[in-house]
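Please read the structure below before turning to the comments.
2 protein chains.
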Amino acid sequence: WVRTFRSNRFIALNDGSTGSNVQCVVDFERTPEDVLKRITTGAAVEVRGLLVASQGSGQAVEIQVQEVVVHGDSSPEEYPLQPKRHSLEFLREIAHLRPRTATFSAVFRIRHEAQYAVHQFFHEHGFYHWATPIITSSDAEGAGEMFRVTSLPADNPPRTESGEVDYSEDFFGQSTNLTVSGQLEGELGAMALGKIYTFGPTFRAENSNTTRHLSEFWMIEPEMAFYTLEDNMQLAEDFAKHIIRHVLDRCADDLAVLDQRLQQEEQSKPAAQRQPMGLVEKLNFVVNNPFVRCS
Amino acid sequence: WVRTFRSNRFIALNDGSTGSNVQCVVDFERTPEDVLKRITTGAAVEVRGLLVASQGSGQAVEIQVQEVVVHGDSSPEEYPLQPKRHSLEFLREIAHLRPRTATFSAVFRIRHEAQYAVHQFFHEHGFYHWATPIITSSDAEGAGEMFRVTSLPADNPPRTESGEVDYSEDFFGQSTNLTVSGQLEGELGAMALGKIYTFGPTFRAENSNTTRHLSEFWMIEPEMAFYTLEDNMQLAEDFAKHIIRHVLDRCADDLAVLDQRLQQEEQSKPAAQRQPMGLVEKLNFVVNNPFVRCS
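Line by line, the protein sequences give chains A and B.
Take the first sequence: its letter number 79 is residue 354 in this note's numbering, and every next letter is one higher.
Take the second sequence: its letter number 104 is residue 379 in this note's numbering, and every next letter is one higher.
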């Protein structure tokens, strides 16, 4: 997909697999004008040519284009993601397109690496993945408000003789909810396989609109038989450090994008309110220092 | 946990991490009688001693026990999982304990390895994991009956002026369901990051009680930008073979348990109805042969 097309000559091409674009140098005198016009931000193009050491600065290699084929057009008047800085609020309104932006594609690539590191860590430490039920009739430890799951008609549900909703007619023969935690089943798993972890979606039906509240989110719950509190703390520390170290190793470019965005936002704050560390600095701090433990 | 305790002397001990037990040889003359009595199937015991080359057949090493500590008792009268063959139907009734059986612990260990291989395959092929919404208002391609998700009171939901259920009062301001597929959001992901896969729970509210129907199951959906049909087919074949090969490599013992169980079941069938291949043989056949492709 075309990120930008400068001077009828330089295509910044990106397939989403990394944040880095490939610069493609078009010979505009040899390229038909109707093709040149269709090379717009967001368009899907196929480029053939020679990969050569770059003449300009900013990239090690570039493609000297011999042929451009446009597979998908993108109207400059209609495509909302133009090459400029968009506010996060604006991007919320085009949630279907925001994964294409530099910021969000960085977030999703980092998220993927973090997720992979979760599985890797537990796998290498002898844990088994345990898929706990999403639809459940239990309430864990009363962790939060629950969504009801039903196949009864909302308009006119079946009633018992005393006039109450007859959940024996519902799909599972009783009232069911979306899980708030897989802990109960996780404990059963640990009592069978020794060490298990869950990693799946959980739900909260609390109507609190804070920046830290989601009604649907993925949660990780390890459960281990015969662990002491000390073992638990060690696992938590090793786990957090493994994930962060993996992301630092694998996502340097994407972290730099977010770090830069954060620093720009910090600049707009009064000096006293600015965070003492940048993003990457903060992650390195966590990895390189032992966690303080409260007794 | 104690699997069996024979002759007041041999504990078959298993922590669930593999299907293989460790044989622990107790010196019953030096062990207090009240401790010996508490070494029962299902009990949690801690054993200290020397790991030595085994005198008997059936295992390479065994533990010459110096001390046994019982951490958790298991009453032989009440604990339902005694060391004998249980029917799958019986095990359904004690779903909280069946992961401890040889058959189900094998299933769960194999499931874990298969799941890990899924993430590994996609990760190594440049795919990004994409977590698609579980609660949704879309119906994919009408893949199946949906469960409704609601925070409205079932008994007396709010109504509009015309008497219909007022979903604008529901949690998300509209009627929502459990997803039947993450495909729609997966396609958006592929149009941003190039190649993505989903791996999460999906739901069907169809009340068909067959052996192949589940109302809740985990599904994998890869979506790739710019793939041809040929690319798709190659990916599907490579994917299936990678998962099976990984499981064959890592789960030989657990597959042998299931293979044996299958063969016992096959023996009870008339010769004409028996499957031509055993389980491991069948898996090897899939891995070692190219898939036939219909044009």
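Glycine included, every Cβ here is placed at the ideal spot set by N, Cα and C.
Alpha carbon of residue i to alpha carbon of residue j, nearest angstrom
i: Phe501/A; j: Leu530/B; result: 27 Å
i: Phe446/B; j: Ser490/A; result: 10 Å
i: Leu510/B; j: His398/A; result: 25 Å
i: Pro432/A; j: Thr454/A; result: 23 Å
i: Lys544/B; j: Asn507/B; result: 39 Å
i: Leu554/A; j: Val532/A; result: 10 Å
i: Thr376/A; j: Glu388/A; result: 18 Å
i: Thr315/A; j: Ile495/A; result: 42 Å
i: Phe379/B; j: Phe379/A; result: 41 Å
i: Asp290/B; j: Thr279/B; result: 13 Å
i: Met499/A; j: Leu356/B; result: 21 Å
i: Val322/B; j: Trp276/B; result: 11 Å
i: Arg525/B; j: Lys557/A; result: 38 Å
i: Glu444/A; j: Ser450/B; result: 21 Å
i: Ser292/A; j: Phe383/A; result: 11 Å
i: Glu368/B; j: Gly401/A; result: 29 Å
i: Glu353/A; j: Val343/A; result: 23 Å
i: Gly317/A; j: Ser295/A; result: 16 Å
i: Trp493/B; j: Phe474/B; result: 7 Å
i: His346/B; j: Arg313/B; result: 10 Å
i: Glu462/B; j: Leu504/A; result: 44 Å
i: Trp405/A; j: Val440/A; result: 34 Å
i: Asp348/B; j: Val320/B; result: 9 Å
i: Pro351/B; j: Gln458/A; result: 28 Å
i: Arg520/B; j: Glu308/A; result: 52 Å
i: Pro358/B; j: Ala287/B; result: 11 Å
i: Asp302/B; j: Arg284/B; result: 7 Å
i: Ala381/A; j: Val522/A; result: 12 Å
i: Cys569/A; j: Glu512/A; result: 13 Å
i: Pro476/B; j: His488/A; result: 22 Å
i: Val310/B; j: Val297/B; result: 19 Å
i: Ala515/A; j: Val562/A; result: 8 Å
i: Gly448/B; j: Ile410/B; result: 13 Å
i: Ser412/B; j: Ala527/B; result: 44 Å
i: Thr460/A; j: Pro408/A; result: The amino acid occupying residue 460/A in the given sequence is Glu; Thr does not appear at that position. Near 8 Å, if we compare the C-alpha coordinates of Pro408/A and Glu460/A.
i: Ala415/A; j: Gly331/A; result: 60 Å
Contacts that residue i makes with chain A (C-beta to C-beta distance below 7 Å)
i: Gln390/B; result: His404
i: His394/B; result: Tyr391 and His394
i: Val440/B; result: Ala429 and Asp430
Residues that residue i contacts on chain A, provided the C-beta gap is smaller than 8 Å
i: Ser380/B; result: Ala467 and Leu468
i: Gly597/B; result: Residue 597/B is absent from the model: chain B starts at 276 and stops at 570.
Interface partners of residue i on chain B, CB under 7 Å
i: Leu453/A; result: Val424
i: Pro374/A; result: Leu463, Gly464, Ala467 and Leu468
i: Phe280/A; result: Within 7 Å Cβ-Cβ: nothing; Phe280/A doesn't reach chain B, min ~19 Å.
i: His521/A; result: Simply none; closest approach about 12 Å.
i: Phe566/A; result: Simply none; closest approach about 27 Å.
Contact list for residue i against chain B, beta-carbon separation under 8 Å
i: Pro262/A; result: Residue 262/A lies beyond the residue range present for chain A, which begins at 276 and ends at 570; the question has no answer from this structure.
i: Phe446/A; result: Phe422, Ala480, Asn482 and Ser490
i: Glu353/A; result: Neighbours of Glu353/A on chain B: none; closest Cβ ~16 Å, over 8 Å.
Residue i: contacting residues in chain B (beta-carbon distance under 9 Å)
i: Arg384/A; result: Tyr403 and Leu468
i: His387/A; result: His398, Phe402, Tyr403, His404, Trp405, Leu468 and Ile471
Indicate whether the contact test is met: 3 or more Cβ pairs, each with one atom in the region 480 to 487 of chain A and one in the region 413 to 423 of chain A, closer than 8 Å.
-> yes
Complete beta strand (DSSP E) runs within the region 322 to 363 of chain B (minimum length 3 residues, chain order) | 336 to 347
Give, in chain order, every residue of the region 419 to 431 of chain A whose Cβ lies closer than 8 Å to some Cβ of chain B.
-> Glu420, Phe422, Arg423, Val424, Thr425, Ser426, Leu427, Ala429 and Asp430
Any residues in the region 290 to 315 of chain A with a beta carbon nearer than 7 Å to a beta carbon of chain B? Which ones, in chain order?
-> Asp290, Gly291 and Ser292
Closer than 8 Å, Cβ to Cβ, to anything on chain C: give me those residues from the region 477 to 493 of chain B, in chain order.
-> Protein chains A and B are contained in the structure displayed, whereas chain C is not.
Determine, using beta-carbon pairs with one atom in the region 538 to 552 of chain B and one in the region 424 to 431 of chain B, whether at least three such pairs fall under 8 Å.
-> no
Check whether the region 460 to 470 of chain B touches the region 434 to 442 of chain B, taking contact to mean three or more Cβ pairs, one atom from each stretch, closer than 8 Å.
-> no
Three CB pairs or more closer than 8 Å across the region 317 to 329 of chain A and the region 338 to 351 of chain A = yes
Members of the region 536 to 562 of chain B near chain A, C-beta cut-off 7 Å | none
In chain order, each alpha helix (DSSP H) run of at least 4 residues that lies wholly inside the region 524 to 556 of chain B = 527 to 542
Which runs of the beta strand (DSSP E) spanning at least 3 residues fall entirely within the region 412 to 469 of chain B, listed in chain order?
-> 423 to 425 and 451 to 453
Completely contained beta strand (DSSP E) runs for the region 481 to 520 of chain A, where each covers 3 or more residues | 491 to 499
Where the region 361 to 372 of chain A meets chain B: residues whose CB sits under 9 Å from a CB there = Ala370, His371 and Leu372
Whole runs of the alpha helix (DSSP H) within the region 377 to 415 of chain B, excluding any shorter than 4 residues = 377 to 399
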